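Counting in the working numbering, the first sequence runs from 336 upward without gaps. All C-beta atoms in this analysis are idealised placements derived from N, C-alpha and C, irrespective of residue type, glycine included. Source: prediction; values computed, not measured. Before any comments, here is the structure.
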Amino acid sequence: MSKTLVVIIGPTGIGKTSTSIKVANYFDTEIISADSRQIFKELKIGTATPSEEELNAAKHHNIASHSIHDYYSAWEFEQDALKLCSELFTNHDVVVLTGGSMMYIDAVCKGIDELPTIDQELRENLKEQYDREGIETIQRQLKQLDPEFYDQVDLKNHKRVIHAVEICLMTGKAYSLLRTNTVKKRPFNIIKIGLELPREEIYERINKRVDIMLEQGLIEEVKEFYPNKNLNSLNTVGYKELFAAFDGEYDLDRGIELVKRNSRRYAKKQLTWFKRDKEIQWFSPFDTDKIINFIELKK
RNA sequence: GGUACCAUAGCUCAGUAGGUAGAGCAAUGGACUGAAAAUCCAUGUGUCCCUGGUUCGAUCCCAGGUGGUACCA
336 MSKTLVVIIG PTGIGKTSTS IKVANYFDTE IISADSRQIF KELKIGTATP SEEELNAAKH
396 HNIASHSIHD YYSAWEFEQD ALKLCSELFT NHDVVVLTGG SMMYIDAVCK GIDELPTIDQ
456 ELRENLKEQY DREGIETIQR QLKQLDPEFY DQVDLKNHKR VIHAVEICLM TGKAYSLLRT
516 NTVKKRPFNI IKIGLELPRE EIYERINKRV DIMLEQGLIE EVKEFYPNKN LNSLNTVGYK
576 ELFAAFDGEY DLDRGIELVK RNSRRYAKKQ LTWFKRDKEI QWFSPFDTDK IINFIELKK
């Protein structure tokens with residue numbers, strides 16, 4: 336019997352959680368979450384982590400599994416998810432992978448290149464240099480270390496430029512040499528299900544969901560983590576806008592408006608990314624039966 | 001019913017001594033290989049309420065209409 340990973344993706348707020356639970360229950364299996372923020376156990380409301388009830392309706396993995404102080408990345412996720420897959424496939428023919436973190440999804444489905452994890456001190460040094468001197472000197476460094484990547488990279492995107500320099504310095508090799516651009520073969524089939532609705536409806540759902548978060552106590556949750564606002568895990572929609580409001584950059588109403596706007600923009604960005612992937616079969620989140628039929632047919 | 005003011009982008013509004021228009025907010029398109037809910041790039045979307053008049057030319061001036069707001073009855 337062949338093994339199948341059912342990947343359920345879509346923009347934030349579209350209903351991935353409830354669809355995955357239905358699919359997982361139908362195939363009597365478990366869910367691996369691919370969400371770069373729901374992994375943090377401290378964060379609940381602002382990340383729209385599935386409720387207790389939802390978590391009990393199907394077994395979830397990789398939710399609330401880490402602390403906001405932990406380092407985590409797409410590489411760790413690839414390792415963790417593949418390990419979980421091989422464990423789960425011993426008892427199940429189908430495993431569900433769901434989430435909105437585009438790069439995490441691709442890390443599992445296509446794999447990412449072998450690169451060293453960046454030494455923290457090196458990262459801090461480069462960050463300091465960037466803050467002090469701006470992007471230009473780091474750009475020049477990259478031009479010398481890896482002229483090929485220098486010509487390809489978006490030079491204004493400091494994160495990419497810095498990362499490339501980091502890799503060059505860590506490995507002593509040009510970053511572009513380590514980029515293989517190959518898709519890794521997985522020991523299971525992959526079926527990709529995309530959830531979509533008209534843009535307007537997605538936005539309405541998002542706005543409403545933020546209002547619900549506020550009722551659930553979002554402001555209090557964000558206040559609680561204000562001392563950690565510089566952690567990467569807290570540099571995220573729903574938190575960063577309210578931190579800025581607490582800092583007096585604008586009033587609370589504007590902060591809430593920005594949470595909604597940035598959530599909408601995030602959804603748009605996710606759609607841009609996912610639309611490029613021609614393997615995805617798109618469905619309405621209300622068509623669970625069609626989705627299950629499609630999986631039955633293809634698996 | 002009368003008088004005054006207003007009508008321009010999805011919203012709030014600016015503007016044009018008459019030469020088909022621009023800000024803020026919102027929005028749209030895109031990039032993406034270990035921080036990715038991150039980071040970065042690009043884009044003005046318009047029956048200037050309607051119908052006539054004056055004019056080479058009207059979103060702008062004039063008349064009437066429609067809608068809104070305020071005040072007076």
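Which first and last residues belong to the alpha helix (DSSP H) in which residue i is found?
i: residue 353; result: 351 to 361
i: residue 630; result: 623 to 633
i: residue 618; result: Element bounds for residue 618: not the alpha helix (DSSP H) but the beta strand (DSSP E), 616 to 618.
i: residue 607; result: 587 to 610
i: residue 502; result: 493 to 506
Flag this pair as yes or no: are the beta carbons of residue i and residue j separated by less than 8 angstroms?
i: residue 525; j: residue 630; result: no
i: residue 413; j: residue 447; result: yes
i: residue 549; j: residue 591; result: yes
i: residue 396; j: residue 374; result: no
i: residue 556; j: residue 381; result: yes
i: residue 618; j: residue 626; result: yes
i: residue 634; j: residue 430; result: no
Between which two residues does the beta strand (DSSP E) harbouring residue i extend?
i: residue 527; result: 524 to 530
i: residue 368; result: 366 to 368
i: residue 431; result: 429 to 433
Report the residue from the options whose alpha carbon sits nearest the alpha carbon of residue i.
i: residue 394; options: 596, 565 and 433; result: 433
i: residue 609; options: 567, 530 and 566; result: 530
i: residue 539; options: 598, 583, 512 and 528; result: 598
i: residue 351; options: 508, 577, 449 and 602; result: 602
i: residue 358; options: 410, 370 and 341; result: 341
i: residue 452; options: 408, 425, 617 and 475; result: 408
i: residue 383; options: 586, 349 and 504; result: 349
i: residue 614; options: 425, 354 and 440; result: 440
i: residue 418; options: 443, 405 and 400; result: 443
i: residue 622; options: 392, 493, 532 and 427; result: 532
i: residue 338; options: 388, 421, 509 and 360; result: 421
Just confirm the distance between the C-beta atoms of residue i and residue j, as a whole number of angstroms; I'd bet it's less than 8 angstroms.
i: residue 551; j: residue 347; result: About 16 angstroms separates the two Cβ atoms, so there is no contact after all.
i: residue 398; j: residue 377; result: Actually they do not touch by this definition, with Cβ atoms about 13 angstroms apart.
i: residue 578; j: residue 595; result: Not really, about 16 angstroms apart at Cβ, beyond 8 angstroms.
Would you decide whether residue i is buried or exposed? Buried here means 16 or more other CB atoms lie within 10 Å of its CB.
i: residue 468; result: exposed
i: residue 455; result: exposed
i: residue 507; result: exposed
i: residue 545; result: buried
Return yes when the C-beta of residue i is under 7 angstroms from any heavy atom of the ligand NAD, and no when it is not.
i: residue 485; result: Absence of the ligand NAD from the depicted structure is noted, as is the absence of any ligand whatsoever, leaving it without description.
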